[in-house]
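Numbering (our numbering), first residue to last: 4 to 182. Quick reminder that beta carbons are idealized off the backbone N, C-alpha and C, glycines included. Contents: one structure, followed by commentary.
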Amino acid sequence: MDDPETDVATVRSPAESTAGRHIESDGECLEAVFVSVMTGGDPEAVADADWGTTETAEHLPHEIELTDHAHELAFLPDLTEPSSTTLDYSGPNVQNNDLQTDQQAKLVTVLQRHEDIMIASGNVLPPPAYGVVCDIVVQGPPPPIKQKARRTPLRFLGKLYELLEGLLTAKLVSFSDSP
Numbered sequence: 004m005d006d007p008e009t010d011v012a013t014v015r016s017p018a019e020s021t022a023g024r025h026i027e028s029d030g031e032c033l034e035a036v037f038v039s040v041m042t043g044g045d046p047e048a049v050a051d052a053d054w055g056t057t058e059t060a061e062h063l064p065h066e067i068e069l070t071d072h073a074h075e076l077a078f079l080p081d082l083t084e085p086s087s088t089t090l091d092y093s094g095p096n097v098q099n100n101d102l103q104t105d106q107q108a109k110l111v112t113v114l115q116r117h118e119d120i121m122i123a124s125g126n127v128l129p130p131p132a133y134g135v136v137c138d139i140v141v142q143g144p145p146p147p148i149k150q151k152a153r154r155t156p157l158r159f160l161g162k163l164y165e166l167l168e169g170l171l172t173a174k175l176v177s178f179s180d181s182p
């Protein structure tokens with residue numbers, strides 16, 4: 004019985020040779036490598052892919068300024084001062100005519116039990132925090148990340164092919180010869 008994870012529909016059959024064929028698009032290159040690997044062929048002959056190498060690739064760190072990410076900061080609420088607002092459990096946002104009497108009583112009991120974690124603010128947003136202190140000691144630039152290239156297990160190749168094909172079709176990624 005065939006494994007459904009490895010069944011992927013391709014435009015041409017796996018037995019069709021890609022040797023001597025000019026590959027024009029990134030999608031065709033991906034398909035050629037996929038078909039070659041799934042049929043047990045040599046991917047180096049198809050798309051110059053370097054499988055089984057012992058070389059490492061370096062991912063060099065980027066210089067990041069905190070001001071570049073200022074718009075992404077989240078402000079923590081100032082919960083040091085106790086809230087003096089009393090919550091009304093008979094209001095229209097708590098009372099529900101569709102609930103039975105015992106269900107309504109259970110709802111109010113749960114809300115009262117967790118009253119200390121509720122924030123009673125008019126616009127539901129707490130005021131911003133006064134500031135956050137973060138002290139990270141770094142000595143020079145961090146070393147680049149080095150990892151060996153690893154083979155993808157055959158059981159994942161079908162899903163990986165579909166993912167890469169979608170990314171290539173949307174032109175979010177492209178093939179690169181960089182190490």
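For residue j and residue i, the rounded distance between their alpha carbons
i, j, result
"Glu-165", "Ala-152", "21 Å"
"Glu-68", "Pro-145", "15 Å"
"Thr-9", "Val-38", "Residue placement at Thr-9 is poorly supported in this model, since its pLDDT is 44, which falls under 50; the coordinates still yield a value, given next. When rounded, the distance between both Cα atoms is 11 Å."
"Ala-108", "Leu-171", "56 Å"
"Glu-34", "Asn-100", "60 Å"
"Gly-143", "Glu-168", "40 Å"
"Gln-103", "Gln-115", "18 Å"
"Thr-155", "Lys-162", "11 Å"
"Lys-174", "Gln-150", "26 Å"
"Leu-157", "Val-40", "9 Å"
"Leu-160", "Gly-30", "15 Å"
"Gln-98", "Asp-91", "10 Å"
"Ile-148", "Glu-61", "6 Å"
"Val-111", "Glu-118", "10 Å"
"Ser-28", "Phe-178", "9 Å"
"Val-113", "Ser-93", "14 Å"
Beta-ladder partner(s) of residue i, from DSSP
i, result
"Glu-61", "Lys-149"
Sequence-distant residues of its chain with Cβ nearer than 8 Å to residue i (five each side left out)
i, result
"Gln-106", "none"
Under the three-state DSSP convention, the category residue i falls into
i, result
"Asp-91", "coil"
"Leu-3", "The structure shown has nothing for residue 3, since the chain only spans 4 to 182."
"Gly-169", "helix"
"Glu-68", "coil"
"Ala-159", "Going by the sequence as given, residue 159 is Phe instead of Ala. DSSP places Phe-159 in helix when its eight states are reduced to three."
"Phe-178", "coil"
"Asp-29", "helix"
"Asp-101", "coil"
"Tyr-164", "helix"
"Arg-154", "coil"
"Gln-115", "helix"
Same chain, Cβ closer than 7 Å to residue i, neighbours up to 5 away in sequence not counted
i, result
"Asn-96", "none"
Same chain, Cβ closer than 6 Å to residue i, neighbours up to 5 away in sequence not counted
i, result
"Val-176", "Leu-170"
"Asp-180", "none"
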